[in-house]
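Below: one structure, written as structure tokens.
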Amino acid sequence: MRSNVKDLKEMVNKSRGVIDKRFSEVEVDEVVDLDESGLDTTNQSSKYNNSSTLIKQSATLKNPRANGTSSAQVNNSEIQNKFKKLQELSTNDKEVIEALQKKLQTIKLDHEALQQKYSALQRNYEGVSSYAASDKAEHTKLRTMREMAEKEAAELKKKNYELEESNKQLKNTVEQLNMQINDYKNKMDQKIRELEKLKDEAKKKDKTFEDKLNLVNQSNKQLNEQNTKMKSDLKKLQEENNELKEQVDSLTRQVASANENSNIIEIFRQKEEDFENQILQLQSKLRISDEDLHNRIIENEELLQISKKLDAMNNQNESKLKEVQQISKEQEKLITELQLKVQDLKASLKIEQENSHRTKQERDQFEKDYQQAQSEIDDLMKNSSQSSDMLSQRVKEMEIEKKALKAKIDQLDGDVYKLNRDKADIQQARDKAYDQVDTYKQKLSDLQKELDQFKESNSNLQLQLQQQKQSFSQKDKEQDALYQELKQFKDQIEQMMKKQTTLERDLQANQKQAERLVIVKKGIMDAIAKMKKSFESIDTTLSCLSCLEFLNDPLTLVCGHSICQKCFNTHSDPKSKDSLVFCEECKIETKNKNLRESKVIKTICDKFLFTKGCIEEVKILVQ
């Protein structure tokens, strides 16, 4: 029995050494705890510790603020290597557990053999009572009985020691579980606080987003109103542009006819001033429209920046949703692991209960054997008076052994009491764990509800964003159309400015021509005045002396003066040759036969009248 126990201890120490070496490579601390039956009770706790370390590492990997992308890739490779090593260790642990189970089967067989030996010893002890006559045989038998009792006491000590160690290990596991539960509580509280903060931030962002949406809607209304105003202004400007074109055409026509009349030049100047005023008004309107468009472009850029920020916030919300989902998955995993731990604790409690029940049965059997031995000793005391001294010594020895066994039984009772107390503590811890699991499940359900609400709000926000993007795209198209119209209008204005420059040049040329015409007019008027002064003497010479009109068919007298045919017909008889014509200037009479037609004077009179009419026409034109 001792050799088997030593072999078991050596196997356990070897397996612990191998596991410590392998887990030192993987950087995971694990302790193998064996029950009284030899089962590995902390195998699942080690797996839990490994899974918790892996979850922590994965959580650090999933946190983009803590590590970069390069460190995430390195940690992923390290986690995969560790996971492979853990799988290898799990296979090795299975082999070790199978070897330990085989050892347990051998120990059980040895225990059954010992029970058979014990029953055989009881039978031998009954046989000794029949052979009480022989003291030597009784002495040897009692010695063997004492040795067996010592062996059983040693075995009980070993069992007590093993039970104490198992109790210590159970206490350590319970403390570790309590520590892990407290850590898990703290983590869950932190995560719940973070989720509440995220919820508050999301609510604030929703409020800000709604305010921005309202502002955007108001700005959209204002933009629509301004667009309508701009369209109406553009229509008015186009109408004014058409009117200006018509005016320019009329002005060009008037410029063509400006060379004929000087009065048109003054009208043209007035119209030119009106045209300049209209151009200045158009320029001011264009400046105002450019400023309005610039302000609208700035507002649209701000709205685009707001939409970009909203897209970034949506991406952040999606990443936070993913993180929350991952956290919920991790919490579900932790809950399942806690449930597995609770099941393991239940199994360990059942094993401890079975062990305590076995110890009670062994103690009862030992007490029964002791009572039987005492009754046999009493019988021997009655039957054998010869060996009374030997029996008294043996009785004293048996009483001493009885006291020692009672002390051991008291110790076993204390150990059983401790085990029951530990069992109650473990049950309380299990109940607390169940309560915590229920609370965590409720928190998870609440978080899932909040996540659903957050998803709904996020979907609504995305719809609103899509609608705003569509409205922004429509407004961009409208703005592009307005820009094109403005470009066309600017081109038209440039053309009008070019035409204006050409017209100004023409005006300057016309002004120069007008100045020249004024100078010519003054010269002509001066020449006409001089000619009039000279024509007065010519008028007197070329006029008839009787009727004082220009000579029409003039006739020259003897004195050299002339008279018109009309006055000749009235004052004399044209048929008689001897009739006389009186000259009113020199008072000389001439006969008809001496009168002659003066063709030279006639041509001179005609030319004088023609030149006089031309001068009057020129005077009218010049005026």
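So in the UniProt record's numbering, spot 368 of the sequence shown is number 368, and the numbers just go up one at a time.
Even glycine gets a Cβ: it sits at the ideal position worked out from N, Cα and C.
{"Query": "Nearest by alpha-carbon distance to E196: which of E399, Q448, R358 is it?", "Result": "Q448"}
{"Query": "Near E165, which residues of its chain fall below 6 Å by C-beta distance, leaving aside the five closest residues on each side in sequence?", "Result": "none"}
{"Query": "Three or more beta-carbon pairs under 8 Å between the stretch 543-560 and the stretch 522-530, yes or no?", "Result": "no"}
{"Query": "So D578 and K587 are supposed to be a Cβ contact under 8 Å. How far apart are they, rounded?", "Result": "Actually they are not in contact, since the Cβ atoms of D578 and K587 sit about 19 Å apart, beyond 8 Å."}
{"Query": "Less than 8 Å between the CB atoms is what I'm expecting for L557 and C583, so what's the real figure, rounded?", "Result": "5 Å"}
{"Query": "Alpha carbon to alpha carbon, how far is L609 from L503?", "Result": "43 Å"}
{"Query": "State the start and end residues of the unbroken alpha helix (DSSP H) segment that holds K566.", "Result": "565-571"}
{"Query": "Could you please give me the residues that DSSP links to L580 through a beta bridge?", "Result": "K591"}
{"Query": "Mind checking E98: buried by the 16 CB within 10 Å criterion, or exposed?", "Result": "exposed"}
{"Query": "Which residue's Cα is closest to the Cα of D200: G523, G613, F454?", "Result": "F454"}
{"Query": "If distances are taken between C-alpha atoms only, which option among Y434, Q372, A404, Y417 comes closest to residue 654?", "Result": "It is not possible to answer for residue 654, since the shown part of the chain is limited to 1 through 623."}
{"Query": "Can you tell me which of the three DSSP states L548 falls into?", "Result": "coil"}
{"Query": "Work out the CA separation of K84 and Q365 for me, nearest whole Å.", "Result": "51 Å"}
{"Query": "Have a look at V520 and L507 and give me their C-alpha separation to the nearest angstrom.", "Result": "19 Å"}
{"Query": "When burial is assigned at 16 or more other CB atoms within 10 Å of the CB, is C559 buried or exposed?", "Result": "exposed"}
{"Query": "Within 10 Å of its beta-carbon, does N355 have 16 or more other beta-carbons around it, so buried, or fewer, so exposed?", "Result": "buried"}
{"Query": "Mind checking whether L345 and R430 have CB atoms under 8 Å apart?", "Result": "yes"}
{"Query": "Per DSSP, which one or two residues make a beta bridge with E597?", "Result": "L555"}
{"Query": "Take A312 and list the residues in its own chain whose beta-carbon comes closer than 8 Å to its own, dropping the five residues that flank it on each side.", "Result": "none"}
{"Query": "Using DSSP's beta-bridge definition, name the partner residues of S459.", "Result": "Answer by DSSP bridge pairing: none, since S459 is not bridged."}
{"Query": "Rounded to whole angstroms, what is the Cα-Cα separation between E589 and G613?", "Result": "35 Å"}
{"Query": "Only counting the same chain, and skipping five residues up and downstream in sequence, which positions put a Cβ closer than 8 Å to that of K602?", "Result": "L551, D553, P554"}
{"Query": "Can you tell me the Cα-Cα spacing of D606 and V600, whole angstroms?", "Result": "10 Å"}
{"Query": "Return the bridge partner residues of S445 from the DSSP annotation.", "Result": "Its beta-bridge partners do not exist; DSSP assigns none."}
{"Query": "Who are S562's beta bridge partners in DSSP?", "Result": "T556"}
{"Query": "T144 to Y161, Cα distance in whole Å?", "Result": "25 Å"}
{"Query": "Throw me the rounded Cβ distance for the S572 and S598 pair, which I believe falls under 8 Å.", "Result": "Not a contact, Cβ separation roughly 17 Å."}
{"Query": "Would you say V618 and I524 are within 8 Å of each other, going by their C-beta atoms?", "Result": "yes"}
{"Query": "Is N186 buried or exposed, if buried means 16 or more other CB atoms sit within 10 Å of its CB?", "Result": "exposed"}
{"Query": "Buried or exposed: which applies to A509, given that a residue is buried once 16 or more other Cβ atoms fall within 10 Å of its Cβ?", "Result": "exposed"}
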